[in-house]
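> First, the structure itself, so that you have it in front of you.
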Amino acid sequence: MKKYINWIAWISLGIAFCYGIIFTDHSHELEHLKILQTEDLQLKEAKEGVYPLYKNEKLYGYLSTGSSQGYGGPLQVAVVSDTSGLITGTELIKNFETPSFVAKLSNKKYYEQYEEKSLNDEFQLKKDVEAVSGATVSSLAIANASRDASYQIAHKVFQLETPRIEKSWRLTPKEGIVALIIIIAFLAIYFKSKKLIYFNLFLGLVFIGFLFNASLSLTHFGRILLGYFPDIHTHLSWWLLVAATLSLIIIWGKNVYCTAICPFRASQMLLHQISGINIKMDQSLGKALAFTPKFLIWLSLILIFISQNPSLSSYEPFAMLFSLKGEGIQWYILPTALIGALFFSNFFCRFFCPVGGILNWVIARRNQVKQLIQKYKQDA
Numbered sequence: 001m002k003k004y005i006n007w008i009a010w011i012s013l014g015i016a017f018c019y020g021i022i023f024t025d026h027s028h029e030l031e032h033l034k035i036l037q038t039e040d041l042q043l044k045e046a047k048e049g050v051y052p053l054y055k056n057e058k059l060y061g062y063l064s065t066g067s068s069q070g071y072g073g074p075l076q077v078a079v080v081s082d083t084s085g086l087i088t089g090t091e092l093i094k095n096f097e098t099p100s101f102v103a104k105l106s107n108k109k110y111y112e113q114y115e116e117k118s119l120n121d122e123f124q125l126k127k128d129v130e131a132v133s134g135a136t137v138s139s140l141a142i143a144n145a146s147r148d149a150s151y152q153i154a155h156k157v158f159q160l161e162t163p164r165i166e167k168s169w170r171l172t173p174k175e176g177i178v179a180l181i182i183i184i185a186f187l188a189i190y191f192k193s194k195k196l197i198y199f200n201l202f203l204g205l206v207f208i209g210f211l212f213n214a215s216l217s218l219t220h221f222g223r224i225l226l227g228y229f230p231d232i233h234t235h236l237s238w239w240l241l242v243a244a245t246l247s248l249i250i251i252w253g254k255n256v257y258c259t260a261i262c263p264f265r266a267s268q269m270l271l272h273q274i275s276g277i278n279i280k281m282d283q284s285l286g287k288a289l290a291f292t293p294k295f296l297i298w299l300s301l302i303l304i305f306i307s308q309n310p311s312l313s314s315y316e317p318f319a320m321l322f323s324l325k326g327e328g329i330q331w332y333i334l335p336t337a338l339i340g341a342l343f344f345s346n347f348f349c350r351f352f353c354p355v356g357g358i359l360n361w362v363i364a365r366r367n368q369v370k371q372l373i374q375k376y377k378q379d380a
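Here's what the structure looks like:
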């Protein structure tokens, strides 16, 4: 029976993946953009990716779109300019960012910074555009996409020269701290030091949790499966955490992240210690709940593949705990996880966590491959 369930799960995931690629509508009805409707502008046929805009049968300006990689995946921005080469408006038309971050950009009037800028502006964060605190990655991605769109109009309509923007590494103390936490986690497990593991979990709680809000989540793995890889120059900490976690599993066979880094696990352990209560769960119930992460991962991946949106079905409450911002079901899962942790050891980690479920699956597949290689060597 289990074999058939596994086959059904894999086939359904394959169908969902193909459906998402084939049938997801990647086009955008530009004529319905707010920046066009506000000024009652008419969109004409594009020439080399640039749309002429008319108002009352007179040429008003031009529109083009640009793309970049945000935190949740690719995003697209529309830029409108007048006939003198100045930007009159920008609008985010496609994104996979966390909705609360997108709302924060609008509330902080982030987009108003682009008005009256020249099309050949550098659009550099801090220098030309101010990022919104708490949404720095999204701010940077929109700036890059706006530059892409603006330069298309500058080149193809006004024949303007634009500055050559070299990719630069975005190195901050954050990257160094993440690297240090990964190294300590490796050493703690290698030397089997419980004290060092607990110390590093505390570091993870403070830095990766509350200060950086950079926990591994289902969104990370959704991005990998959909091929939405962020730019390593500006997302080095993302690459460090993901690459180190997966590499250590493949090479060493150890789940270093869940054991000695995960900030949410640290919060679960802390609450359990504070309560001093340790209820033993019924064995049959525990076995049944142990399959819950697999089902939730399967369901989440189905939704991610169909929508081609890695952020759509991220149900884990990690970001909500550390940033106090959540979406939908997370408002119910977080209190359930925290209350459960008071009575049961590692309650969420054992019965609901998608990250632990995925990493344990990778370990199991790694061990299977290792056994096959060893068997092949013995038979040779």
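Note that UniProt numbering numbers the sequence shown so that position 369 is 369, with each residue one more than the last.
All residues carry an ideal CB built from backbone N, CA and C; glycine is no exception.
How would you label residue 238, buried or exposed, when you count the other beta carbons within 10 angstroms and need 16 or more for buried?
Result: buried.
> Going by DSSP, what residue range makes up the beta strand (DSSP E) through residue 54?
It spans 51-55 - the beta strand (DSSP E) in which residue 54 sits, taken as one unbroken run.
> Taking buried to mean at least 16 other C-beta atoms within 10 Å of its own C-beta, is residue 1 buried or exposed?
It is exposed - the Cβ of residue 1 has fewer than 16 other Cβ atoms within 10 Å.
> The alpha helix (DSSP H) that contains residue 76, what's its start and end?
Segment 74-82 is the beta strand (DSSP E) holding residue 76; no alpha helix (DSSP H) there.
> Closest by CA to residue 288, which one among 351, 59, 245?
Residue 351 is the option with its Cα nearest to residue 288.
> Can you find the residues in the same chain that come closer than 7 Å, C-beta to C-beta, to residue 145, ignoring five residues on each side of it along the sequence?
So the list reads 66, 67, 68, 75, 76, 77, once near-sequence residues are dropped.
> Among 339, 335, 304, 42, which one has its Cα closest to the Cα of residue 228?
Selected option, being the one with the closest Cα: 304.
> Under a Cβ-count criterion, where at least 16 other Cβ atoms within 10 Å of its own Cβ denotes burial, should residue 204 be classed as buried or exposed?
Buried, by the Cβ-count rule.
> If we count Cβ pairs, one from each stretch, closer than 8 Å, do we get three or more for the segment 12-31 versus the segment 298-318?
The segment 12-31 is in contact with the segment 298-318.
> Let me know if residue 147 comes out buried or exposed under the rule of 16 or more other beta-carbons within 10 Å of its beta-carbon.
Buried: at least 16 other Cβ atoms inside 10 Å.
> I'd like the span of the alpha helix (DSSP H) that includes residue 307, first residue to last.
Where residue 307 is concerned, the enclosing alpha helix (DSSP H) stretches over 292-307.
> Which word fits residue 138, buried or exposed, when buried means at least 16 other C-beta atoms lie within 10 angstroms of its C-beta?
Buried, by the Cβ-count rule.
> Can you tell me whether residue 336 is buried or exposed, with buried defined as 16 or more other CB within 10 angstroms of its CB?
It counts as exposed.
> Does DSSP put residue 371 in a helix, in a strand, or in coil?
Looking at residue 371 - three-state DSSP - the assignment turns out to be helix.
> Indicate whether the contact test is met: 3 or more Cβ pairs, each with one atom in the segment 187-204 and one in the segment 47-64, closer than 8 Å.
They do not touch, by the three-pair rule.
> What is the rounded straight-line gap between the Cα of residue 233 and the Cα of residue 132?
The alpha-carbon atoms of residue 233 and residue 132 are separated by roughly 20 Å.
> Closest by CA to residue 122, which one among 151, 189, 99?
Checking every option, the nearest Cα to that of residue 122 belongs to 151.
> Give the secondary structure of residue 219 by DSSP, where H, G and I count as helix, E and B as strand, and everything else as coil.
Looking at residue 219 - three-state DSSP - the assignment turns out to be helix.
> Any idea if residue 372 is buried or exposed, counting beta-carbon neighbours within 10 angstroms, 16 or more meaning buried?
The residue in question, residue 372, is exposed, as its Cβ has fewer than 16 Cβ neighbours within 10 Å.
> Within 10 Å of its beta-carbon, does residue 284 have 16 or more other beta-carbons around it, so buried, or fewer, so exposed?
Looking at its Cβ environment, which holds fewer than 16 other Cβ atoms inside 10 Å, residue 284 is exposed.
> Restricting to Cα atoms, I'd like to know which of 141, 361, 45, 329 is closest to residue 101.
Answer by Cα proximity: 141.
> Taking residue 173 as the reference, give the member of 19, 212, 194, 193 with the closest Cα.
Ranking the options by Cα distance to residue 173, first place goes to 212.
> Note the first and the last residue of the continuous alpha helix (DSSP H) segment covering residue 247.
236-252 is the extent of the alpha helix (DSSP H) around residue 247.
> Cβ of residue 268 within 8 Å of Cβ of residue 348?
Against a cut-off of 8 Å, the Cβ pair of residue 348 and residue 268 comes out as a contact.
> Could you give the residue range of the beta strand (DSSP E) that holds residue 67?
It spans 58-69 - the beta strand (DSSP E) in which residue 67 sits, taken as one unbroken run.
> Where does residue 171 land, buried or exposed, given buried means 16+ other C-beta within 10 angstroms?
When all chains shown are included, residue 171 counts as exposed.
> How many Å lie between residue 108 and residue 279 at the Cα?
If you take the alpha carbons of residue 108 and residue 279, they lie about 47 Å apart.
> If you reduce the DSSP assignment to three classes, tell me which class residue 136 lands in.
Here residue 136 sits in helix by DSSP.
> Taking residue 91 as part of the beta strand (DSSP E), name the residues at either end of that continuous run.
First-last of the beta strand (DSSP E) with residue 91: 87-94.
> Return the bridge partner residues of residue 129 from the DSSP annotation.
Paired residue(s): 125.
> Cα separation between residue 399 and residue 264?
The requested residue 399 does not occur in the structure, where the chain is confined to residues 1 to 380.
> Would residue 62 pass as a contact of residue 51 if the rule is Cβ separation under 8 Å?
Yes.
> Report buried or exposed for residue 316, applying the criterion of at least 16 other Cβ atoms within 10 angstroms of its Cβ.
Looking at its Cβ environment, which holds 16 or more other Cβ atoms inside 10 Å, residue 316 is buried.
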